[in-house]
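I have placed the structure first, in the form of structure tokens, so that the comments after it can refer back to it.
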Amino acid sequence: MSENEPLLFISNLKSWYEKEKFIIDIEELTIFKHSIVGLVGRNGAGKTTLINTLSSVTDQYSVTKIKWLNKPISFEKLEFKKNRFTVFTENNGFMNWNFDQYIRLLCKLYNVVFDNEKLLYLTEGFHFTSYRNVLIKDLSTGNKKKVFLISGLFLRRPLLILDEPLDGLDFDSTEFLYKELMEYKKYGSIFMSSHIIESITRVCNEIMVLKNGKINSFKLQQDLVSDQLLKKIMGEL
């Protein structure tokens with residue numbers, strides 16, 4: 001399992017709401033295979049804008065080069081879309097479906113074999129099994145979040161993108177998520193934003209600090225995150 005090979009490489013990415021007023025202005029961004037990258041930044045720094053750009057939610061961007069496994073690609077290409085899954089901070093889609101209907105649709109869209117044993121493991125871990133047949137619109141905020149987190153973990157796409165994945169989760173579900181994120185490195189890479197520094201230091205092997213549209217990267221070694229490094233990262237925010 002190599003962690004030194006690029007999964008996704010992006011060069012000269014700019015994103016905006018108003019043309020020429022760039023929220024994102026990144027020279028280079030690389031996500032390596034089997035890695036967990038944490039994206040941090042102050043409120044309004046552009047974390048969600050960057051995630052929306054990577055997830056084809058917005059077309060207000062320009063980019064010089066995008067490579068997926070060293071081959072040119074675009075965010076809009078079906079090949080890229082089928083190899084990544086995004087869990088947004090808020091997701092208002094499929095509200096009149098229940099979880100089981102939703103996950104079966106995703107399996108068809110992503111060509112993933114439905115595995116009820118694997119799904120049961122995830123729903124039990126998130127204390128969600130009894131809610132599988134409840135309409136998504138009738139779920140609590142935390143359980144709605146679990147719908148999409150479970151889906152992302154179940155599909156095991158090469159790139160899982162998470163926008164503030166801990167928001168709305170109870171303690172037990174948070175601990176289970178930490179464990180599953182570490183396990184996910186066997187199957188793919190994770191790019192996750194969080195304002196909770198503990199979540200970054202517990203699971204990430206790289207932190208990207210987003211400030212004034214630019215990114216500054218720091219490599220982490222699990223269990224060896226020094227106070228000095230944390231102060232340096234916090235000083236970048």
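The opening residue of the sequence shown carries number 1 in full-length UniProt numbering; numbering runs sequentially from there. Note that beta-carbon positions come from the ideal geometry of N, C-alpha and C, so glycine has one too.
Option in the options with minimal Cα separation from residue i
i	options	result
THR89	PRO165, MET182, LYS21	PRO165
THR30	ILE23, TYR17, LEU54	LEU54
GLY38	HIS195, VAL112, LEU122, THR123	HIS195
THR49	LEU162, ARG157, LYS185, LEU155	LEU162
ALA45	ILE24, THR64, THR58, ASP59	ILE24
LYS160	LEU13, GLU5, ILE36, PRO6	Position check: residue 160 holds Leu in this sequence, whereas Lys was assumed. With distances taken between Cα atoms, LEU160 lies closest to ILE36.
THR141	PHE126, ARG104, ASP167	ASP167
Alpha-carbon spacing of residue i relative to residue j, whole angstroms
i	j	result
GLU175	ILE51	24 Å
residue 241	TYR178	This structure cannot settle anything about residue 241, because the visible part of the chain is limited to 1 through 237.
PHE94	PHE85	16 Å
ILE190	SER151	14 Å
LEU149	GLU18	32 Å
ASP170	LYS145	11 Å
LEU153	ASN212	32 Å
ILE26	LEU78	24 Å
ARG42	VAL209	9 Å
ASN70	ASN111	23 Å
LEU181	LYS33	14 Å
LYS108	LYS67	26 Å
LEU119	VAL147	11 Å
TYR187	VAL40	24 Å
VAL203	ASP138	32 Å
ARG132	LYS47	31 Å
LYS65	THR58	17 Å
ASN143	GLU124	13 Å
ASN92	GLU5	35 Å
ASN83	GLU76	12 Å
Contact belief for residue i with residue j at Cβ below 8 Å, rounded distance in angstroms
i	j	result
ILE136	TRP97	6 Å
PHE22	SER15	7 Å
ILE215	ILE207	Rounded, the Cβ-Cβ distance is 10 Å, inconsistent with contact.
PRO158	LEU7	6 Å
Boundaries (first-last residue) of the alpha helix (DSSP H) holding residue i
i	result
TYR131	That residue, TYR131, is in no alpha helix (DSSP H); it is neither H nor E in DSSP.
LEU181	171-184
GLU117	116-125
VAL112	Where VAL112 is concerned, there is no enclosing alpha helix (DSSP H), given that its DSSP letter is neither H nor E.
ILE51	47-54
ARG202	197-203
Span of the beta strand (DSSP E), counted from its first residue to its last, around residue i
i	result
LEU220	Looking at the DSSP string, LEU220 is not in any beta strand (DSSP E), and its letter there is neither H nor E.
GLU79	Looking at the DSSP string, GLU79 is not in any beta strand (DSSP E); the run it does join, the alpha helix (DSSP H), is 78-81.
THR86	84-87
PHE22	21-32
ASN12	6-18
LEU162	159-163
PHE148	PHE148 -> not in any beta strand (DSSP E); alpha helix (DSSP H) instead, spanning 141-155.
PHE189	It is worth fixing the name first, because residue 189 is Ser in this sequence and not Phe. Segment 189-193, the beta strand (DSSP E) holding SER189.
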